[in-house]
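**Student:** Structure incoming, see below.
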Amino acid sequence: MDNCFIDTTLEFLQIAFHNILYYASIYPISIFETRRKYSIVVYRSNHPEVNEYIDLCLKSIAECLHNGDLKRVEFAITSSDYEVLMKFVFDLDKNDTHDETRDAYLVQAEQNMRAFCLKLTTLSDKFTDLPEDRSFMIFLHTNESAAVAMAANPELESFPLVETEVETEFQHILPLRRFCVRNYNLDMYMEFR
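Per the numbering used here, residue 9 is the first one in the sequence shown, and the count goes up by one each step.
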C-alpha cells in the first residue's frame with residue numbers, strides 16, 4: 009500500500025477524532041488545545057489517557073492499512089453503558105482507475121480534509137440530545153487475518169483487538185464528504201437517531 013496514502017489518512021483521522029471529541033463535548037473544553045492544520049484552527053486533546061487510546065487505535069489502523077485489510081473506521085459516541093448513540097463513519101474504497109497525475113501534490117485532498125473539519129463546526133445541533141455522561145469508542149472493520157497479524161505485532165501487544173458484533177440501526181445518515189487520496193476514496197458520513 010502507498011505510504012503517502014497511509015500517512016495522510018492517519019494524520020487526517022487523528023485530527024478528525026480529536027475534533028469530534030471537541031465538538032461533541034465528550035470531555036471538557038479545558039483539555040483541548042488549538043493547533044493549525046489545513047490552514048484552519050483544529051483542536052487536540054492534551055489528556056494523556058485519551059491521547060494514548062487514540063494513538064494506539066491509529067497504530068492498529070496503520071497496521072491494517074499496511075496489510076490492505078481495512079474497509080471502514082467508525083468513531084462511535086456512546087452512552088455510559090456503551091450503547092452507540094451516533095457514529096462517524098470513514099469508508100475506504102480502492103480506486104482502480106486512479107490517475108497518478110491527478111492531485112499529485114494532494115492539494116485537493118487537503119482542501120477536502122479542511123472542508124470536513126469545517127463541517128464539524130456546523131453539526132452542533134446533532135450533539136444537543138446526547139447524555140451528559142457520554143464516551144466514545146473506535147471500531148475497525150477488517151478481517152480475521154488482520155487481527156492475527158496485529159496480535160503478533162509486539163507494538164500492539166498491550167492493545168489487543170476485541171471482536172464485537174455492534175450493529176446499530178440508525179434512522180438518519182448525513183453525508184459529510186467524499187474525496188480521493190492517491191488511489192483510495194474516503195467516504196465520510198454520520199449516522200444518528
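Think of the CB as a built atom: it goes at the ideal place given N, C-alpha and C, for glycine as much as any other residue.
Given the structure is predicted, the values throughout are model-derived calculations rather than measurements.
Going by C-alpha distance, which of Thr172, Met196, Lys95, Arg190 is nearest Thr86?
**Tutor:** Checking every option, the nearest Cα to that of Thr86 belongs to Lys95.
**Student:** Quick check on Val115: does DSSP put it in helix, strand or coil?
**Tutor:** Reduced to three states, the DSSP call for Val115 is helix.
**Student:** Candidates Phe40, Ser47, Asp15, Glu41: which alpha carbon is nearest Cys125's?
**Tutor:** Per the Cα distances, Ser47.
**Student:** What number of angstroms, rounded off, separates the C-alpha of Glu165 from the C-alpha of Ala159?
**Tutor:** Approximately 6 Å between the Cα atoms of the pair.
**Student:** Using C-beta distances below 7 Å, list every residue in its chain close to Glu163, excluding the 5 sequence neighbours before and after it, in chain order.
**Tutor:** So the list reads Lys67, once near-sequence residues are dropped.
**Student:** My guess is that Ala32 and Phe135 are in contact by the Cβ rule of under 8 Å, so how many angstroms apart are they, rounded?
**Tutor:** So it is a contact: roughly 5 Å between Cβ atoms.
**Student:** Three or more C-beta pairs under 8 Å: does that hold for the segment 38–57 against the segment 142–162?
**Tutor:** As far as the Cβ criterion goes, the segment 38–57 does not touch the segment 142–162, which means the pair count is below three.
**Student:** Could you give the distance in angstroms between the alpha-carbon of Thr17 and the alpha-carbon of His74?
**Tutor:** Approximately 12 Å, taken between the alpha carbons.
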